[in-house]
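**Student:** Quick one: the structure is below, questions incoming.
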Amino acid sequence: MNTKWSRFLAVALALTLLVAFVPGCAKKTTDEGTTGGKTEEPKTTVKAAMVTDVGGLGDKSFNDLSYEGLKRAEKELGVEIKVLESKEITDYESNIDQLANAGYSPIFAVGFLMTDTVSKMSTQYPDTMFGGVDEFFDPVPSNVVGLTFKEHEGSYLAGVVAGLATKEKALSDKINDKNVIGFVGGMDVPLIKKFEAGFIAGAKSVNPDVQVISLYAGNFTDQAKGKELGYSLIEKGADVIYAAAGAVGLGTIEACKEKGALFIGVDADQYLTVPNSGDVMLTSMMKRVDVAVFETVKAAVDGTFPGGTIKEFGLKEGGVGLAPFHDFENKVPQSIKDAVEKAKKGIIDGTIKVPDKL
Amino acid sequence: MSESHEALPEQRAWMTLLQKAGAPVVSVLIAIGIGSLIMWISGYDAGAAFAALFKGSLGSPKAFGDTLLRATPLMFTGLAVAYGFRAGLFNIGAEGQLFMGGLAAAYLGVRLGGLSPAVALPAVLVAAMAAGAAWAFVPALLKARIGAHEVITTMMFTYIGKYIVSWLVVGPLKAPGQIPQTEMIGASAQLPRIQSLFSDAALQSLPILKLGRGHMGIFVALLFAVVVWLILKYTTLGYENRAVGFNPWAAENAGISVPSTIVKSLCISGALAGLAGAVEVMGVHHRIFDQFSPGFGFTGIAVALVAKNHPLGVIPAALLFGAMSAGSGTMQLEADVPQKIVLIIQALVIFLIAAESVVQWFIQKRQKEALARAR
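Chains as they are written, first to last, in our numbering: chain A, 740 to 1097; chain B, 491 to 865.
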């Protein structure tokens, strides 16, 4: 009996180990199958890759959007793509190092926390092209391009919408007559101040008497704090709230749904990414990271990679913009849509200068 | 499992070894097996994945250096949690003590950076230990005086610690520039990379020394593992720690002050966790910022568990976790396996530590058999 049991244990262990290595042989044939299935000849030898920040894929924001850009490049330009996700900050350097070593170029590093790492790796791999999403370099290494956005321009449009909507009672029963709108910021850093400055300028341009109240959460993750800030803004009379605060904004959406206010989303079209938010989501200020990544890969394929520069993607370049009104499409009066178009034209042709700081 | 191993005769040397080290090793093997099964079912190439995991963690001197780099903080947090466990205390808040240690290192590293390394390095390390111990002191006092459970208090102190750092790096201690982080610490307060100790000629002739990012912190960690082992085994301090862990009432009866042992134990645990933060600041990032630890304090609990709370067992356990972390990038690159799979395998290892009972049961069966035969 006892020896039987120990034999059973030994066999079970052996089987587990077998399972560990047998599939290794089995999978290879299917691998060939999938590559064989690709009929289209690759048009280019460019291999583009990205390293996510610790948020990883599935963040419904920067990392996912950058990946969208890469996938579009794969489909339209035939480049080979690869994503390495980072679990901890220590991964940034080793992930970039491995990609550069494997011949990937350009390599996109997503998020400003990777700025130092990109500077360092760019000297170690001078022949590799790097793209830093939301990263600002001074001076810019000759093989690096910083991909930044004119968030203030997009926020200006959001401000125009909010400034007019707070007076538009027909839009929703959530609109009061206090002429107050709100802004929720993540961290009190220059990047977020850009959003705030553009938003205020846009609102005041169409509604000079509007009162804009700004509150900061101190981080980009605390949803409970976002809800609390939403409550206090609504208590002070704000009926349209714009949040540039990452996941903190999700809490603010909750507050808007409970206490009755409209919300303007940020980064992605949050009507699509936040479930059941349609009844408060007026529009979103989109940061088209996907456009920036795609354009940079395209430049690399064409041999015109803008190394050594900081590229600023604004309204003109399609790098920022407003999302559709979705559920509010029929309620938003033509006057608001016209004002947005007018502001857009003015910013693009340079007649409107949007401030990027307060 | 708590019944003593020595209760039965026929205790052979291999049995003792298997009882002590067998369960973790078997767990790792089974975890690899189940992990492969999961990969196989989801259509990934498990053989290639483990080959890549190996290549990325041990396949080259540079990869091994990366494993060392990642194992270093885990060795400290593993030791911290293990030391507390040996006194029956669950220091779940090592993460907060780590942040405080890192903060002390980042703050003093800037200010002492001009001194000679012989002064600056030990001074910064000692300060980080003090900061970690201080952060554990209040929960320790609450536990010793009014019995407030350390799981709650150390955890809450973790939040406080992390938010203090978070506030300091955007506010008073922020370095100029866009990024919320502190200034870089001075060169003499940085733990140098291992390869920087050798001349270029030596590196040329002995490429095995090219350990990439691996830094001197690993030697500090190994030293502390031995020191903690010696303390636990040979000193009164360690004896009291273990006695309170086995049975606080018996220890009290034997004249050991339980409250003072609790305070000492948690503070030493906190000091070790503080060192984890210090080596990350001094050897890797050279500054502190909001997310500088991905939860080393919590992974330390798993490390201590795999090591069965033995200070020397913490060394291989931390290396294992470091290797899995270092290899996950290569696994994504070469086998297209998402790094979440590595996290699954880590979780399985911890889960299967429960297999300890299987090994115990197996050995006791053998012993009873031998006993029966002898009769």
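We put the CB at the ideal spot given by N, CA and C, even for glycine.
(1) Quick one: which unbroken beta strand (DSSP E) runs of 3-plus residues sit fully inside the segment 962-1046 of chain A? Chain order, please.
(2) Starting from the C-beta of B:I684, find all residues in its chain whose C-beta is less than 6 angstroms away, skip the five residues before and the five after it, and write them out in chain order.
(3) Are B:G880 and B:M619 close, meaning C-beta to C-beta below 7 angstroms?
(4) Can you confirm whether A:L823, when its beta carbon is compared against all beta carbons of chain C, has any partner nearer than 7 angstroms?
(5) Using a Cβ-Cβ distance cut-off of 7 angstroms, determine whether B:D556 contacts chain A.
(6) Since A:A936 and A:I1003 are thought to touch, with beta carbons under 8 angstroms apart, how far apart are those beta carbons, to the nearest angstrom?
(7) So, for A:G1053: in the same chain, excluding its five sequence neighbours on each side, which residues have a beta-carbon less than 7 angstroms away from its beta-carbon?
(8) How should B:K633 be labelled, buried or exposed, when 16 other C-beta atoms within 10 angstroms of its C-beta is the threshold for buried?
(9) Whole angstroms is fine: what's the gap from B:L838's alpha carbon to B:A584's?
(10) Take A:A788 as the anchor and find which of A:G870, A:L886, A:S1074, A:V1028 has the nearest alpha-carbon.
(11) Output the distance between the C-alpha atoms of A:N1069 and A:V928, rounded to the nearest integer angstrom.
(12) If you check the beta carbons only, do B:A476 and B:C757 fall under 7 angstroms apart?
(13) What would DSSP say about B:F709, mapped onto helix, strand or coil?
(14) In chain order, what residues of the same chain have a beta carbon less than 6 angstroms from the beta carbon of A:E832, not counting five sequence neighbours either side?
(15) Thinking C-alpha only, which one of A:Q863, A:S825, A:V879, A:I973 is nearest B:Q781?
(16) Taking 7 angstroms as the threshold (beta carbon to beta carbon), is A:K766 in contact with chain B?
(17) Identify which residue in B:A561, B:I831, B:V796 has its Cα closest to the Cα of B:P514.
(18) So, does the segment 542-554 of chain B touch the segment 730-742 of chain B, judging by three or more C-beta pairs under 8 angstroms?
(19) Count the other CB atoms, across all protein chains shown, that sit within 10 Å of the CB of B:T695; report buried if there are 16 or more and exposed otherwise.
(20) Please state if the CB of B:M565 and the CB of B:A711 are separated by a distance shorter than 7 angstroms.
(21) Per DSSP, which residues does A:F888 bridge with? Please list them.
(22) In angstroms with no decimal places, state the Cα-to-Cα distance between B:A626 and B:L722.
(23) Just by C-beta distance, which residues in the segment 846-865 of chain A are closer than 9 angstroms to chain B?
(24) Of all the options B:T726, B:G728, B:E640, B:Q680, which has the alpha carbon lying nearest to the alpha carbon of B:M706?
(25) Counting only the same chain and skipping the five closest in sequence on each side, list residues whose C-beta sits under 6 angstroms from that of B:T820.
(26) In this structure, how does DSSP classify A:T774 when only helix, strand and coil are distinguished?
(27) Over what stretch of residues does the alpha helix (DSSP H) that includes B:Q694 continue unbroken?
(28) Flag this pair as yes or no: are the beta carbons of B:A813 and B:T557 separated by less than 7 angstroms?
(29) Is the shortest distance between the beta-carbon of B:Q668 and the beta-carbons of chain A less than 7 angstroms?
(30) Just curious, the alpha helix (DSSP H) that A:E827 is in, first and last residue?
(31) For B:M772, name the three-state secondary structure that DSSP assigns.
(32) Mind checking whether A:K1050 and A:L930 have CB atoms under 7 angstroms apart?
(33) Contact criterion: CB-CB distance below 7 angstroms. Does B:V717 meet it with respect to chain A?
(34) Spell out whether any CB of chain B is found under 7 angstroms from the CB atom of A:Q1009.
(35) Can you pull the chain B neighbours of A:M1020, defined as C-beta to C-beta under 9 angstroms?
(36) If we define contact as Cβ-Cβ less than 7 angstroms, is A:Q837 a contact residue for chain B?
**Tutor:** Let me lay it out:
(1) Runs of the beta strand (DSSP E) lying entirely within the segment 962-1046 of chain A and spanning at least 3 residues, in chain order: 977-983, 1001-1006, 1020-1026.
(2) L701, G704
(3) For chain B, the structure presents residues 491 to 865; residue 880 of chain B sits outside this window and is missing.
(4) In the structure shown, chain C cannot be found, because the protein chains are A and B.
(5) yes
(6) Not confirmed; about 16 angstroms, so no contact.
(7) K889, E892, V1059
(8) buried
(9) 22 angstroms
(10) A:G870
(11) 37 angstroms
(12) This structure gives no information on residue 476 of chain B, because the portion of chain B shown stretches from 491 to 865.
(13) helix
(14) Around A:E832: T856.
(15) A:S825
(16) Residue confidence for A:K766 is low, a pLDDT of 40 falling below 50, so the modelled location carries little weight and cannot support an answer.
(17) B:V796
(18) no
(19) First, the residue type needs correcting, since residue 695 of chain B is Ser and not Thr in the sequence shown. Flag for B:S695 reads exposed.
(20) yes
(21) A:F1052
(22) 19 angstroms
(23) F851, L852, T854, D855
(24) B:Q680
(25) A542, K545, G546
(26) Bear in mind that the predicted position of A:T774 carries a pLDDT of just 42, short of 50, making it too unreliable to give a figure here.
(27) 690-695
(28) yes
(29) yes
(30) Unbroken run through A:E827: none, as it is neither H nor E.
(31) helix
(32) Their beta carbons are not under 7 angstroms apart, which means A:K1050 does not touch A:L930 by this criterion.
(33) no
(34) no
(35) In chain order: nothing, as chain B lies at least about 29 angstroms away.
(36) A:Q837 counts as touching chain B.
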